[in-house]
Amino acid sequence: MKKSITVVAGIVWDGDRYLAARRPKDAPFGGFWEFPGGKIEPDETPEEALIREFQEELDITPTEWSYWQTVTHEYEELVVTLLFFHITAFTGTLVPQEGHTVQWVMPEEACNLGFLEADIPIVQALATSA
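With this note's numbering applied, the sequence shown covers 10 to 139.
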């Protein structure tokens with residue numbers, strides 16, 4: 010039986026661009042791009058996890074968001090269920106805290122980055138709706 014986890018992922022918007030984060034080289038799936046976020050703890054709602062993860066990873070606090078969709082992806086050793094949220098406002102200054110590289114990307118540009126497999130359908134959906 011594969012391990013399975015549920016995570017929140019935020020698509021942070023700045024006008025027409027959104028935030029992409031590159032995982033540190035020494036992390037699992039190191040060097041791949043992703044949408045920021047992380048695991049939902051047992052005692053948390055997805056919204057609480059979204060706020061906590063963004064505070065821990067990027068030193069910002071989402072203030073306006075909406076749930077968009079859920080994607081489940083099966084990796085070789087892990088099944089990941091991702092809850093995607095559009096984040097349209099936040100407070101604080103964006104400063105990566107855990108070794109991520111971040112950049113603002115236009116939706117059509119993001120297709121050229123090496124996103125994690127689970128995120129590729131989202132990247133493509135955002136590019137076609139842009």
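Positions of the beta carbon are idealized from the N, C-alpha and C atoms, including for glycine. All values reported here derive from a predicted model rather than from experimental measurement.
For residue i and residue j, what's the separation of their Cα atoms in angstroms?
| i | j | result |
| --- | --- | --- |
| valine 89 | threonine 97 | 25 Å |
| alanine 18 | leucine 59 | 7 Å |
| proline 37 | leucine 125 | 11 Å |
| leucine 91 | glutamate 118 | 22 Å |
Buried or exposed for residue i, please, with buried defined as at least 16 other CB atoms from any protein chain shown within 10 angstroms of its CB.
| i | result |
| --- | --- |
| aspartate 128 | buried |
| isoleucine 14 | exposed |
| glutamate 66 | buried |
| valine 104 | exposed |
Going by the beta-carbon positions, is the gap between residue i and residue j smaller than 9 Å?
| i | j | result |
| --- | --- | --- |
| glutamine 106 | aspartate 52 | no |
| phenylalanine 94 | isoleucine 131 | no |
| glycine 108 | aspartate 35 | yes |
| phenylalanine 63 | phenylalanine 99 | yes |
| proline 45 | valine 21 | yes |
Sequence ranges, alpha helix (DSSP H) only - wholly within the region 21 to 79, length at least 4: 55 to 67
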